[in-house]
Each structure stands twice: as C-alpha cells, then as structure tokens.
Amino acid sequence: MASTDITGRAGTVAPARPEPRGGRHARTPKKPRRENRLTGHGRPALLFLAPFLALYLLFIVGPAIYGLVMSLFNTSMVAPGLGEFAGLDNYAEALSSNDFWSSLWHTIWFTILTTPPLVALGLVFALLAERARRARWFFRLAFFLPYVLPSAVVALIWIWMYTPELGLLSRAVTSLGFAEPDWLGNPDFAMVSLAITTVWWTLGFNFVLYLAGLQEIPRELYEASAIDGAGPWQQIRLITVPLLARTTSLVVVLQVIASLKVFDQMYIMTQGGPNFATRSVLQYVFDVGFTDLRSGAAAAASTLFFVVVLAVSTIWLVMTRRQEPEL
Amino acid sequence: MAILAHSDDVQPLTAAQAQRYADTADRRTRLFNRCCTAVLIAFALLWLVPLAWALDTALKPNGETINPTWLIENPTLASFRTLLAEGDILDWYAASFIISTLSAAGTVITASLAAYALSRMRFRYRWLAFWFILLGIMIPRQVLIVPQFQELDSVNLLNTYWAVILPSIPIAIAVVVFKQFFDGIPKDLDEAARIDGAGFFHIYRQVVLPLARPALSAVAIFSFVWTWNDLLWPLLALSNPEVMTIPAGLATVQGTYGIRYADTMASAILGALPLVLVFLLFQRRIVEGIAGTGLKG
Numbered sequence: 001m002a003s004t005d006i007t008g009r010a011g012t013v014a015p016a017r018p019e020p021r022g023g024r025h026a027r028t029p030k031k032p033r034r035e036n037r038l039t040g041h042g043r044p045a046l047l048f049l050a051p052f053l054a055l056y057l058l059f060i061v062g063p064a065i066y067g068l069v070m071s072l073f074n075t076s077m078v079a080p081g082l083g084e085f086a087g088l089d090n091y092a093e094a095l096s097s098n099d100f101w102s103s104l105w106h107t108i109w110f111t112i113l114t115t116p117p118l119v120a121l122g123l124v125f126a127l128l129a130e131r132a133r134r135a136r137w138f139f140r141l142a143f144f145l146p147y148v149l150p151s152a153v154v155a156l157i158w159i160w161m162y163t164p165e166l167g168l169l170s171r172a173v174t175s176l177g178f179a180e181p182d183w184l185g186n187p188d189f190a191m192v193s194l195a196i197t198t199v200w201w202t203l204g205f206n207f208v209l210y211l212a213g214l215q216e217i218p219r220e221l222y223e224a225s226a227i228d229g230a231g232p233w234q235q236i237r238l239i240t241v242p243l244l245a246r247t248t249s250l251v252v253v254l255q256v257i258a259s260l261k262v263f264d265q266m267y268i269m270t271q272g273g274p275n276f277a278t279r280s281v282l283q284y285v286f287d288v289g290f291t292d293l294r295s296g297a298a299a300a301a302s303t304l305f306f307v308v309v310l311a312v313s314t315i316w317l318v319m320t321r322r323q324e325p326e327l
Numbered sequence: 001m002a003i004l005a006h007s008d009d010v011q012p013l014t015a016a017q018a019q020r021y022a023d024t025a026d027r028r029t030r031l032f033n034r035c036c037t038a039v040l041i042a043f044a045l046l047w048l049v050p051l052a053w054a055l056d057t058a059l060k061p062n063g064e065t066i067n068p069t070w071l072i073e074n075p076t077l078a079s080f081r082t083l084l085a086e087g088d089i090l091d092w093y094a095a096s097f098i099i100s101t102l103s104a105a106g107t108v109i110t111a112s113l114a115a116y117a118l119s120r121m122r123f124r125y126r127w128l129a130f131w132f133i134l135l136g137i138m139i140p141r142q143v144l145i146v147p148q149f150q151e152l153d154s155v156n157l158l159n160t161y162w163a164v165i166l167p168s169i170p171i172a173i174a175v176v177v178f179k180q181f182f183d184g185i186p187k188d189l190d191e192a193a194r195i196d197g198a199g200f201f202h203i204y205r206q207v208v209l210p211l212a213r214p215a216l217s218a219v220a221i222f223s224f225v226w227t228w229n230d231l232l233w234p235l236l237a238l239s240n241p242e243v244m245t246i247p248a249g250l251a252t253v254q255g256t257y258g259i260r261y262a263d264t265m266a267s268a269i270l271g272a273l274p275l276v277l278v279f280l281l282f283q284r285r286i287v288e289g290i291a292g293t294g295l296k297g
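Quick note, the sequences are listed as chains S and L, same order.
Using this note's numbering, you'd call the opening residue of the first sequence number 1 and step up by one each time.
Using this note's numbering, you'd call the opening residue of the second sequence number 1 and step up by one each time.
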C-alpha cells in the first residue's frame with residue numbers, strides 16, 4: 001500500500017481515491033493520507049497545541065501521575081526520591097485513621113450546612129430580582145461583589161464580625177436579647193459560623209446562574225397563564241420552578257463540589273480548630289504533607305479525596321443523562 | 001377573544017370583561033412585584049452590612065473601635081497610612097499584580113491557540129487531543145499540591161513568581177470555552193482569508209481573535225480573578241513575605257495586628273480594593289461569563 005502511495009505522489013494526477021479526511025482545507029490532494037502520521041493539518045495543529053499541551057503535561061497531568069505513584073511509596077518531603085515502596089499501605093493508613101475520617105466528615109458536614117441555603121437563597125433572590133424591574137444593578141452589586149473578594153479578605157472581615165463582645169454580629173444577637181454564642185470558639189458552633197460566612201461570600205454565584213436560567217423561560221408562558229387567571233404565586237410554583245430544574249441541578253452539583261473543596265475559610269478563621277473540629281480534608285492533606293512532611297501519605301489522602309469529588313460528578317452526570325429524554 | 005373560550009358551555013368573554021380581568025391581574029401582579037422589590041432591597045442592604053462595617057471600622061482610630069456605633073467620632077486614614085508605610089502590602093500588591101496578569105495572558109494565549117487548532121484544523125487524533133484536555137476539567141487543582149510542590153522544589157522555582165504563574169496557565173476549561181466560541185464563528189470568513197492566501201496563524205490572529213473578543217475578555221478576567229484570589233497554592237509555594245500574594249500575605253498576618261481592629265480592617269479593605277475595581281469595570285462580562293459557562297473557581 002505504501003508503494004502505491006509513493007507512485008501516486010510522484011505522478012501529477014490526483015489519486016482516484018475519494019478525498020482524504022482533510023476536508024475542504026485540503027483542496028489540492030497532493031499527499032495521500034497514510035503517508036504521514038500527522039495527516040491533514042497535523043504539523044500546524046501540533047504547533048498550535050504545543051504551548052498549552054506542554055504546560056498542561058508539566059503542571060497538571062505530570063503531577064497527577066506523579067502523585068498517584070508517590071501514594072504507593074513512603075515518600076518524604078525532606079528526603080530525595082520516592083523512598084521505599086509501600087504498596088497500598090498509605091491508603092490503608094488513611095482509611096483506618098480517625099483523623100482522616102473526621103476531616104472527611106467535617107467537609108461533608110460543611111457541604112450539608114452550606115448547600116441547601118446557598119441553593120435556596122440563590123433561587124429565591126433570583127425570583128425576587130426577576131420581579132423587580134428596577135435596581136437590578138444594585139442587587140448584582142450587593143450579592144455578587146463579595147464573591148469576587150479573596151477568601152483572606154472575607155475571613156478578616158468575618159473574624160471581626162464574630163469577635164466576642166465587640167463584633168457586629170455578637171452585638172446584634174445580644175441586643176435582640178439572646179445569649180451570644182461563642183461563634184468560632186465553640187467546637188459545635190464553629191462550623192455553623194463558617195457556613196454563614198460562606199453563604200454570604202458565595203451566594204452571588206448561584207444568584208447569577210439562576211438569573212440566567214430565568215431569562216430562558218419564554219415570556220408567553222406567563223402571559224398565557226395570566227389569561228387563564230394564574231396569580232404570581234401560582235406562576236412561580238407551576239411554571240418558573242419546574243422549568244428551572246436543569247439550572248437547579250447544575251447549581252447543586254457545582255455547589256457540592258465547591259463545598260467539598262473547602263480549605264481557605266477554615267485555614268484562616270479557625271486553623272481547623274477548635275480542637276480540630278473544623279479541619280477539612282484538604283487541610284488534613286496539607287498537615288500530613290507539609291507539617292508531618294509525609295508526601296506519600298498526603299498523596300494517598302489526595303487521591304481518596306479526588307475519588308469522592310469524581311464520584312459526585314459521575315453521579316450527577318448519570319442522573320442528568322437519565323432525566324434528559326423526559327425534558 | 002372568542003377563540004380563547006374553547007369549551008362550549010362557557011360564554012365567550014366580551015372585550016370589556018376581558019379588559020377588566022386583565023386590569024385586575026395587572027394590578028395584582030404590580031403589587032406583588034413591588035413587594036418583591038422591597039424584600040430584596042432589604043436583603044441586599046443586609047448583604048452590604050459586613051463590607052460597610054469593615055470600611056467604618058477602618059476609618060476609626062484603633063482606640064475607637066470598641067465603640068459600638070457606626071458613628072465615627074474622629075475619622076482618620078491613619079490605619080491605611082500605617083499599613084502602606086510599614087507593611088509588606090506594597091510588595092504583595094506587586095506580586096499579585098504580576099502573577100495574575102502574566103497567568104491571565106498565558107492562559108488566553110495558549111488556550112486560544114489550542115482551541116483554534118481543535119476547532120479549525122483537521123488532523124488525526126484530534127478527538128484524542130480534545131478528550132485529553134477535557135480530562136483536565138475533572139482534576140481539582142487542590143489534589144495536586146503535594147506533587148506540584150516537589151516538582152517546583154526540584155527545579156528551584158519555589159519562592160519565585162513562576163511557581164504560581166506556570167501551574168495556573170493551563171486551564172482546561174478555557175480551551176473548551178474558546179473552542180465552543182470559535183465553533184460558532186462562521187467558517188466562510190476563514191475560507192475567504194484562505195483563498196486570499198492567508199496562513200493559519202494569520203487567520204487566527206486577524207480573523208478569529210478579533211471576533212472572539214467576548215470570550216477572550218471573559219477568560220482573561222476569570223483567570224485573573226482566580227489567580228489573584230487563590231490561597232492554598234501561594235501559601236505553599238511562596239513562604240517568603242517579599243514574594244507573597246495578597247491573600248497569602250493577609251492570611252499570615254491574621255492575628256499579628258492583635259486588637260488593632262482598625263488596622264486589620266484597613267488591610268482587608270486594601271486587599272479588596274483591586275477586585276472591587278475589576279468588578280465595577282467588568283461587571284457585565286463577569287456575569288455573562290458565569291451565566292454562559294458556569295465557570296466556578
């Protein structure tokens with residue numbers, strides 16, 4: 001086959017075979033397609049892809065593979081090389097360690113505390129904003145501005161809000177006649193305080209996604225239902241919310257994944273305390289890797305965490321696939 | 001109007017009746033909408049309280065912050081002055097600015113080049129290249145900190161800006177966003193340029209990029225904001241205060257001001273300022289970017 005190709009190229013007549021996959025850019029079929037591994041626009045394509053792929057391999061794919069390998073060794077942060085082979089010991093250790101499970105539980109608890117209010121308030125505020133014809137820019141400013149601020153800024157402001165006796169929230173609570181909770185110092189309450197801060201910080205993202213979802217609902221549906229005598233409340237319940245189902249499923253999965261990745265708020269506001277009550281999985285990885293200097297064990301914990309995140313996105317994908325035909 | 005009454009035993013509405021119904025519904029809807037606006041304004045004001053309180057505190061002298069009032073007796077910029085004079089904050093600004101700008105530029109250039117190849121060129125294994133890049137969306141940055149740290153340590157790049165810039169350039173989702181956008185640009189345009197003898201790079205530069213400005217700015221803004229706000233990685237990669245970014249710096253000084261609450265809040269305000277500016281300038285683009293792609297940091 002190769003030899004006929006060569007003669008074909010030597011001749012001036014175009015090959016009789018149908019035009020190769022090159023498509024319309026390859027109008028002048030000079031080279032038969034098997035001649036080179038890179039058919040069509042292989043060479044320019046490689047040049048265009050090279051800068052991204054090089055950095056991608058070096059800093060994403062490479063470390064991902066290296067991390068997987070490292071998780072099978074007793075690698076240390078301070079000794080060179082991978083260290084001795086450990087098999088699945090690092091995984092066994094993490095899975096039998098109370099610290100790992102409790103940090104995983106803290107992360108899930110944080111996700112449970114933050115996801116419902118962030119989704120529900122995002123939806124409610126977007127519904128309200130949709131009804132308000134004016135002042136949209138003001139709502140966007142108020143709800144979305146916190147979202148673009150660095151976590152460190154948010155944390156500093158909320159530590160001050162939660163400061164016992166002096167903080168604004170502490171005062172608000174006492175002036176309403178309640179006993180002031182020890183916002184960040186009480187192991188049972190600290191996670192709730194972190195959740196409140198997080199709702200304030202990231203609500204704007206869900207708000208904006210819902211606003212966009214609302215734009216896609218055809219106006220005519222509201223007009224038709226108004227003629228049939230539906231009031232605003234019925235419209236919201238029977239038209240808007242059901243038609244937002246897809247947006248809601250997207251908001252929920254993005255929110256769950258974002259909450260599982262929590263690190264910043266705990267690291268700055270409570271340092272994982274009091275008494276490790278708010279240590280997240282990522283902080284467990286951080287502590288094992290960079291305080292205990294046990295890279296292999298930290299890599300194994302990272303991999304386990306990755307599996308959790310991957311499971312969430314897979315479940316979501318399968319569920320939305322199944323829903324699709326009905327929509 | 002008669003068409004609307006599809007059931008036989010229902011009398012068709014007269015025009016006057018229909019008008020009356022519509023008016024009542026209209027009035028009801030308008031009242032409802034006004035209530036919605038009022039409720040939302042209350043919530044929006046509530047949402048602004050922490051920021052306003054931070055600013056209020058920052059403008060008080062340190063000694064006055066124990067007063068429980070919004071009223072400032074002796075408004076002063078002293079806290080800001082102290083911070084700018086004594087602090088590393090200017091170094092952090094410089095670091096954040098250089099790092100975020102270079103990685104945003106790097107992401108926009110490399111990702112748009114790659115997306116152009118995926119969108120416009122025919123080559124073998126194109127699907128493979130695309131899926132390979134899609135795979136990257138599934139990998140959270142955070143799970144890579146340990147191997148990335150060792151990698152950058154082994155080439156002595158820790159505590160340099162490059163330690164943060166290089167890993168934040170290859171953002172897989174940026175390629176996907178660009179590819180989707182490029183796919184929507186009619187191919188006739190590049191066809192025409194091809195006939196005039198233009199090469200791929202020329203078409204990319206002169207035809208496709210100018211048309212893709214919304215996607216370019218969305219990716220640039222997001223990449224900038226993400227890199228600027230990232231905490232975990234800079235905290236690890238930049239331990240020397242001279243090269244720290246704003247979030248890493250603020251996280252490490254947390255607590256060092258002790259009860260100087262005004263100073264602490266002034267540092268929070270200074271840290272927030274650049275992003276408030278970015279937000280005010282690019283509000284529309286940011287919001288459209290999220291709505292269009294669901295990009296989340």
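Even for Gly, the Cβ is constructed at its ideal location relative to N, Cα and C.
Shortest Cα-Cα distance from residue 91(L) to any of 248(L), 280(L) and 281(L) involves 248(L). CA-to-CA, the gap between residue 70(L) and residue 53(L) works out to about 8 Å.
The region 84 to 93 of chain S makes no contact with the region 153 to 172 of chain S, as fewer than three CB pairs between them are under 8 Å. With at least 16 other beta carbons inside 10 angstroms of its own, residue 167(L) counts as buried. Within the same chain, 164 and 274 come within 8 Å of residue 185(S) by CB-CB distance, once the 5 residues on both sides are set aside.
Here the C-alpha atom of residue 172(S) lies approximately 10 Å from the C-alpha atom of residue 161(S). Taking 8 Å as the CB threshold, residue 136(L) lines the interface with chain S. Out of 163(L), 229(L) and 257(L), the CA that lies nearest to the CA of residue 276(L) is found in 229(L).
For residue 160(L), the nearest beta carbon of chain S is not closer than 8 Å to its own beta carbon. In terms of Cβ geometry, residue 69(S) and residue 144(S) do not form a close pair [threshold 8 Å]. Between the alpha carbons of residue 51(L) and residue 254(S) lies a distance of about 26 Å.
The alpha helix (DSSP H) runs of length 4 or more contained entirely in the region 94 to 147 of chain S are, from start to end of the chain, 98 to 131. Of all residues in the region 156 to 173 of chain S, the ones placed with a Cβ closer than 8 Å to any Cβ belonging to chain L are 156, 157, 158, 159, 160, 161, 163, 166, 168 and 171, in chain order.
Counting only the Cα atoms, residue 218(S) lies some 12 Å from residue 244(S). In terms of Cα proximity to residue 259(L), the closest of 57(L), 42(L) and 23(L) is 57(L). Within chain S, the residues placing a beta-carbon under 8 Å from that of residue 267(L) are 156, ordered along the chain. Straight-line measurement puts the Cα of residue 32(L) at about 18 Å from the Cα of residue 228(S). For residue 188(S), the CB contacts under 8 Å within the same chain, skipping 5 residues up- and downstream, are 277 in chain order. From the listed residues 212(L), 173(L) and 270(L), the smallest Cα separation to residue 52(S) is found for 173(L).
At least one CB atom of chain L sits nearer than 8 Å to the CB of residue 268(S). If you check the CB distance, residue 185(L) and residue 212(L) come in under 8 Å. Residue 235(S) sits away from residue 249(S), with the two beta carbons spaced by 8 Å or more.
Counting other Cβ atoms within 10 Å of its Cβ, residue 317(S) stays below 16 and is therefore classed as exposed.
With 16 or more other Cβ atoms inside 10 Å of its own Cβ, residue 140(S) counts as buried. Here the alpha carbons of residue 114(L) and residue 165(L) stand approximately 19 Å from one another.
In terms of beta-carbon proximity, residue 132(S) lines the interface with chain L, with at least one pair separated by less than 8 Å. Not a single C-beta of chain S is nearer than 8 Å to the C-beta of residue 165(L).
When DSSP states are grouped into helix, strand and coil, residue 80(L) belongs to the helix group. Taking 8 Å as the upper bound on Cβ-Cβ separation, chain S lies near residues 175 of the region 173 to 185 of chain L. Within the same chain, 252, 255, 256 and 259 come within 8 Å of residue 115(S) by CB-CB distance, once the 5 residues on both sides are set aside. If the five residues before and after residue 169(L) are omitted, its C-beta is found closer than 7 Å to the C-beta atoms of 103, 106, 107 and 110, all from its own chain and listed in chain order. Excluding its 5 nearest sequence neighbours in each direction, residue 285(L) has C-beta neighbours in its own chain below 7 Å: 217, 218 and 221, listed in chain order. Taking CB atoms only, residue 214(S) has no neighbour in chain L less than 8 Å away. Within the same chain, Cβ atoms closer than 6 Å to the Cβ of residue 246(L) are found at 92, 96 and 271, the five residues on either side in sequence being excluded. Remark: C-beta atoms of residue 241(S) and residue 268(L) do not approach each other more closely than 8 Å. Beta-bridge pairing by DSSP links residue 85(S) to 73(S).
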